[in-house]
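**Q**
2 protein chains.
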Amino acid sequence: MHNPLQTSGWNLADWQAAQKDGQGLQRLQALLAVLKKDQEKDTAWIALAEVSGLEADWQQLEARQQAGETLPLMGVPFAIKDNIDAKGWPTTAACPAFSYQAEKDAQVVAELKQAGAILIGKTNLDQFATGLVGTRSPYGAVPNSFNPDYVSGGSSSGSASVVARGLVPFALGTDTAGSGRVPAGFNNIVGLKPTRGWLSTSGVVPACRTLDCVSVFALTVEDALQVAELAAGATPDASDPWSRTHPQTTPVALPERPRLAIPANLEFFGDRQMQTAFAKARAELETLAELVEIDFSAFSELAALLYQGPWVAERTHALGSLLDQDPSAIDPSVYKIVSQGVDFSALDYFAAEYRRQELSRQIQQQLAEVDALVVPTSPTIRTLAEMEKEPLVYNSQFGTYTNFTNLADLSALALPAGFRDDGLPAGITLIATAWQDRALAEFGQRWQAQQALPLGATQREYSTPSQRIRPPAPGAVRLAVVG
Amino acid sequence: MHNPLQTSGWNLADWQAAQKDGQGLQRLQALLAVLKKDQEKDTAWIALAEVSGLEADWQQLEARQQAGETLPLMGVPFAIKDNIDAKGWPTTAACPAFSYQAEKDAQVVAELKQAGAILIGKTNLDQFATGLVGTRSPYGAVPNSFNPDYVSGGSSSGSASVVARGLVPFALGTDTAGSGRVPAGFNNIVGLKPTRGWLSTSGVVPACRTLDCVSVFALTVEDALQVAELAAGATPDASDPWSRTHPQTTPVALPERPRLAIPANLEFFGDRQMQTAFAKARAELETLAELVEIDFSAFSELAALLYQGPWVAERTHALGSLLDQDPSAIDPSVYKIVSQGVDFSALDYFAAEYRRQELSRQIQQQLAEVDALVVPTSPTIRTLAEMEKEPLVYNSQFGTYTNFTNLADLSALALPAGFRDDGLPAGITLIATAWQDRALAEFGQRWQAQQALPLGATQREYSTPSQRIRPPAPGAVRLAVVG
């Protein structure tokens, strides 16, 4: 896609370096001007910053710098999915009837602003983050950044699109079923789905409150991890009852030649191109890791529980009175799913919860035998036209390798993994137990360096990062437990 | 109560020492003979061992010893609540229509037998462990071991009674709402409610499967802790999906002068004797600890959620078809509670779960400021006659200081704390965050040594244990984090 911007495809280091040159504000103004010019035809954005707001933000940051603060993301633009609050902006969750003016920043946004980042826009999504497709929005379907006939994936469709196209170096999404990974896979970018409770969900419109995560999209693994570390903040968010304390002792790397599990029976729903792409990725993985096949049935059964089980009632709860009072305001596919929540009893819930616990335990035991699991990010992709015909079935297929993750309390990292013959990206996802986020990133960086694919849809070359992923910044007392 | 037994009121050390003298089997036979003679009028037992079974058990243990095994509980008799499986015994859950023959030992029973203990009987309970009173059983109400006009407390009524009367040195109960603590408080014994997931619940009839714990009754804190350590086993039970790995680093002691929270507003429901007894205990606690008053409202609101909220549906789930097919087989009070479970929707569940999460977080934050919380074990006690008039209201009052514990994932230790003017025991309970079991026991031992009350209802004097509670046996790698 043509983009007249100097900053197109810049990664975090590019922005961090450039914004020190005295032209920082002008650079952001130029970016905003281009985004505004294209806004009408770019369905990825729901809202963009105002020029005046940008100037005010910039002046505030400069004042903080002059007062001696160190701002690791000084003047770096970013986008957030429009189910995340930003003070003074409306939060729509892609449902105008639901929209409200946010009175404060979501905690993750506050942390990133604290680090110096500047919010440039809010992005489109599958309404109420219910979907993995990117088509369920009154603001329009977000097209795939490689081929506009295809879906972008969702629900964090807009955030993935603006990163893939190199408009911003990173964006926040959310991930309950796989919304932070599927669109990363469909757009050749990195999607970091952190351990539940690491990044605060305060100020995020809930989908399934007990499962929701804020996720990070970036062009490279090191950028995604750096943003996640900053968005998490130094201590757990006391205002988020689901926040958890990061354990003092967690692995920061996989072994030199890790042992990776791979499902013994892979399902691609007849998508031969995706199957071929994954076979190729698998062969390349074997140069970096030992692969062992595992029985995937517990993962599959757990994945099915997410949308077929009582957790749908969390989505119903989140919509509140809107569901009864203004059903026409809700996307028909979303309505079909969310309205089912009232059919489940507490007895149904506990029966499913018991099964979830059993399956999670099996999964934990299987993952204890390996360093991580590797799966296709999505088994297949569809065109926008196909999606209209089977909005629920195809959506559900996309979640084959993602839906179990938060139910089993796992960490995950979606990575670019080459291209199909038709030019669409394929992706793989690394999955491990909770708090393995840094270890997955360490190996993910090795994988990305080995692949050295162009970044996102920008056609920019991959360049070896100046340093390998290491334990977090001084001050944090952490022990490296490797292997 | 008169008891003609040589072994009456023996603690674990007494039994451990004596059973090495070659008279071990005879000693157990003498115990069993007395229990069988009294069985008809002793409502604490639902079933007793057979003489032949005792002999077979003994011979097996001797063979294992001769083969070189070390059996820390060699020949020590114990009892279990009759909702816990023991191979070859029926499990009734105090409901004959529900009864089944257990094909294997519950994991905790297997661990204790592995350590050499001998199961001498199964004890009465509030049916399906639903109650805190000890009266809801077709096998009869279990009277208080100090005054038979009063309730024993429940639901682990029989296990508390046989320990208080010195028939066995320890017994297992279960604790969902407070069933391992209230009867300890009413019978002047120790009730250790371990952190959820430390002791396996495999082979235990569920009450609320997501909350249930196996608990330990003993005459002294050191005995309760030793039994808990052995019942927990060396590694988490892989067959119990709710089992958790004990963290490597946990506190093993409270500071020399701990800071203990106490509710600012204490509720005794007009029971002046309990109020006076607690005031006396509080004054004595002040010689060992610094007491700070805290707002108890989050604890109280969470406590109310347990029986008024959707967790009742877990009890409904546990009864399965019995509830519809044979309601007359169910105790009327139990039926009244358990049949309400069908009225809750999954939406109700999630609304309550969200509130639980918020309240738990508040409670965790309050407990982070202190070393532990101290509360009356029960705010009041009632006669059997009173209980018949208000079976639900009084039951609910007994849970005032217990019902929140498992919902908030806490550890707890019920301790004897002197006597009321009417001669009935009063109790206090120490409560802390998860995995503080050993630290609570260490302080509990100090408290018991300072109090030096007669043990249970045996009139045996307290004697200072040969050693203070310390980190567990060699082999376990644990770090002591004190203070």
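As given, the protein sequences belong to chains A and B, one line each in that order.
Sequential numbering from 6 applies to the first sequence in our numbering.
Sequential numbering from 6 applies to the second sequence in our numbering.
Note that beta-carbon positions come from the ideal geometry of N, C-alpha and C, so glycine has one too.
All values reported here derive from a predicted model rather than from experimental measurement.
Can you tell me whether Leu10 (chain A) is helix, strand or coil according to DSSP?
**A** Correct three-state label for Leu10 (chain A): coil.
**Q** Using a beta-carbon distance cut-off of less than 8 angstroms, what residues from the stretch 327 to 360 of chain B approach chain A?
**A** Gly346, Val347, Phe349, Ser350, Ala351, Leu352, Asp353, Tyr354, Phe355, Ala356, Glu358 and Tyr359
**Q** Could you tell me the distance, in whole angstroms, from the CA atom of Ser13 (chain A) to the CA atom of Ser161 (chain A)?
**A** 21 angstroms
**Q** Residues in the stretch 33 to 46 of chain A with C-beta within 8 angstroms of chain B's C-beta atoms, listed in sequence order?
**A** Result list empty, no residue passes.
**Q** Can you find a CB in chain B that lies within less than 9 angstroms of the CB of Ser207 (chain A)?
**A** no
**Q** With a threshold of 9 angstroms between beta-carbons, can Trp20 (chain A) be considered close to chain B, or not?
**A** no
**Q** Cα-Cα, which of A:Gly80, A:Leu17 and A:Ala102 is closest to Ile335 (chain A)?
**A** A:Ala102
**Q** Is it a yes or a no for the stretch 379 to 391 of chain A touching the stretch 272 to 282 of chain A, going by three-plus beta-carbon pairs under 8 angstroms?
**A** yes
**Q** Short of 7 angstroms in beta carbon distance, which residues of its chain neighbour Asn152 (chain A), apart from the five on each side in sequence? Order them along the chain.
**A** Its chain contains Gly428 and Leu429 as the residues whose beta carbon lies nearer than 7 angstroms to that of Asn152 (chain A), once the 5 sequence neighbours on both sides are disregarded; these appear in chain order.
**Q** Please list, in chain order, the chain A residues whose beta carbon lies closer than 7 angstroms to that of His322 (chain B).
**A** Simply Leu352, Phe355 and Ala356.
**Q** For the stretch 244 to 270 of chain B, which residues have a beta carbon sitting closer than 7 angstroms to at least one beta carbon of chain A?
**A** Pro246 and Trp247
**Q** Just to make sure I have the definition right: I need the residues of chain B whose C-beta is within less than 7 angstroms of the C-beta of Arg366 (chain A). Which are they?
**A** Pro246
**Q** Going straight from the alpha carbon of Leu324 (chain B) to that of Val173 (chain B), what length do you get?
**A** 31 angstroms
**Q** Give, in chain order, every residue of the stretch 204 to 235 of chain A whose Cβ lies closer than 8 angstroms to some Cβ of chain B.
**A** Arg214 and Thr215
**Q** Could you give the distance in angstroms between the alpha-carbon of Leu33 (chain A) and the alpha-carbon of Val81 (chain A)?
**A** 8 angstroms
**Q** Which residues in chain A have a C-beta closer than 9 angstroms to the C-beta of Glu363 (chain B)? List them in chain order.
**A** By Cβ distance, chain A contributes Pro246.
**Q** If we call anything under 9 angstroms between Cβ atoms a contact, is Leu197 (chain B) one with Asp442 (chain B)?
**A** yes
**Q** Verify the contact flag: Asp43 (chain B), CB atom, against every heavy atom of the ligand HEM, threshold strictly below 8 angstroms.
**A** The model depicted lacks the ligand HEM and carries no ligand whatsoever.
**Q** Taking only three categories from DSSP, how would you classify Gln28 (chain B)?
**A** coil
**Q** Suppose you measure from the CA of Trp316 (chain A) to the CA of Asp348 (chain A); what does that come to, to the nearest Å?
**A** 11 angstroms
**Q** For a contact meaning CB atoms closer than 7 angstroms, what does Ala318 (chain A) contact in chain B?
**A** Ala351, Leu352 and Phe355
**Q** Which chain E residues sit within Cβ distance under 7 angstroms of Pro315 (chain B)?
**A** Looking at the structure shown, chain E is missing, and the protein chains on hand are A and B.
**Q** Could you pull out every residue in the same chain whose Cβ sits closer than 8 angstroms to the Cβ of Ala485 (chain A), ignoring the five residues on either side in sequence?
**A** Residue confidence for Ala485 (chain A) is low, a pLDDT of 37 falling below 50, so the modelled location carries little weight; the figure read from the coordinates is stated next. So the list reads Pro256, Val257, Ala258 and Pro476, once near-sequence residues are dropped.
**Q** So, using beta-carbon positions, are Leu420 (chain B) and Trp440 (chain B) closer together than 9 angstroms?
**A** No.
**Q** If you measure from the beta carbon of Gln441 (chain A) to each beta carbon in chain B, is any gap under 9 angstroms?
**A** By the rule that beta-carbons nearer than 9 angstroms mark a contact, Gln441 (chain A) does not touch chain B.
**Q** Please confirm whether Gln371 (chain B) has its beta-carbon closer than 9 angstroms to some beta-carbon of chain A.
**A** no
**Q** For the candidate residues B:Ala269, B:Tyr354 and B:Glu319, whose alpha-carbon lies nearest to that of Glu319 (chain A)?
**A** B:Tyr354
**Q** Using the C-alpha atoms, what's the distance from Ala294 (chain B) back to Thr179 (chain A)?
**A** 47 angstroms
**Q** Following the continuous beta strand (DSSP E) through Ala84 (chain B), name the residue where it begins and the one where it ends.
**A** Pro82 to Lys86
**Q** What's the C-alpha gap between Leu59 (chain B) and Ala38 (chain B)?
**A** 11 angstroms
**Q** Look at the alpha carbon of Pro211 (chain B) and the alpha carbon of Ile89 (chain A), and state the distance between them as a whole number of angstroms.
**A** Between Pro211 (chain B) and Ile89 (chain A), the C-alpha separation is close to 40 angstroms.
**Q** Helix, strand or coil for Arg141 (chain B)? Go by DSSP, reduced to three states.
**A** coil
**Q** Are the beta-carbon atoms belonging to Val489 (chain A) and Ala236 (chain A) less than 9 angstroms from one another?
**A** Residue coverage of chain A in this structure runs from 6 to 488, which leaves residue 489 (chain A) outside it and unanswerable.
**Q** Of the choices B:Phe191, B:Phe304, B:Leu204 and B:Gln367, whose alpha-carbon is the least far from that of Glu272 (chain B)?
**A** B:Phe304
**Q** Nearest-angstrom Cα distance between Ala165 (chain A) and Gly461 (chain A)?
**A** 9 angstroms
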